[in-house]
Amino acid sequence: MRAPHPVLLALASAALTAAPAPLLAAGKTYVVTMKAMAFGPVPAGLRVGDTIEWVNDDVVRHTATAANKSFDVDLQPKARGRTLLTAAGVFPFVCRFHPGMKGVLRVARQ
Ligand SMILES: [Cu+2]
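Below, the structure is given as structure tokens:
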């Protein structure tokens, strides 16, 4: 069971404390690999507070771009980037350079 996350304002005050409370309850990190011009499997069971680590294991540049523009991770070959999941919902995404590359993040509340 996860505690509800504090409001965003907590970030500023938390930075000043010795033991800052996390902005979101500690989530899990899941890797989604871009390889052979496709996104690898998107994990099930995603929750707010989890992080997607995008790994471009290809030899060309890719992005992971939400249809609603809530994230846009632009990765050179062999680069990696992160998306913190801050909202529940269903988030289709594509690679801006290769529209055939697509997937969907399904994120549940904490
Ligand atoms: Cu691409």
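For the record, in the sequence shown the residue sitting at position 76 is 61 according to our numbering, with numbers rising by one throughout. Think of the CB as a built atom: it goes at the ideal place given N, C-alpha and C, for glycine as much as any other residue.
For glycine 66, same chain residues with a beta-carbon under 7 Å away, outside a window of 5 residues either side, are Trp39, Val58, Leu60 in chain order. Per DSSP, methionine 22 has no beta-bridge partner at all. Nearest to alanine 21 by alpha-carbon distance, out of Gly85, Val92, Ala93, is Gly85. In the assembly as shown, alanine 52 is an exposed residue. Its beta-carbon has fewer than 16 other beta-carbons within 10 Å. Here valine 45 is exposed: its Cβ has fewer than 16 other Cβ atoms, across all protein chains shown, within 10 Å. In the structure shown, alanine 10 falls within a coil segment according to DSSP collapsed to helix, strand and coil. Annotated three-state conformation of valine 44 is coil, per DSSP.
With at least 16 other beta carbons inside 10 angstroms of its own, alanine 49 counts as buried. Per DSSP, the continuous beta strand (DSSP E) segment holding proline 77 begins and ends at 74 to 79. For glycine 66, the enclosing beta strand (DSSP E) stretches over residues 65 to 69. If you draw a straight line from the Cα of glycine 74 to the Cα of lysine 87, it is about 17 Å long.
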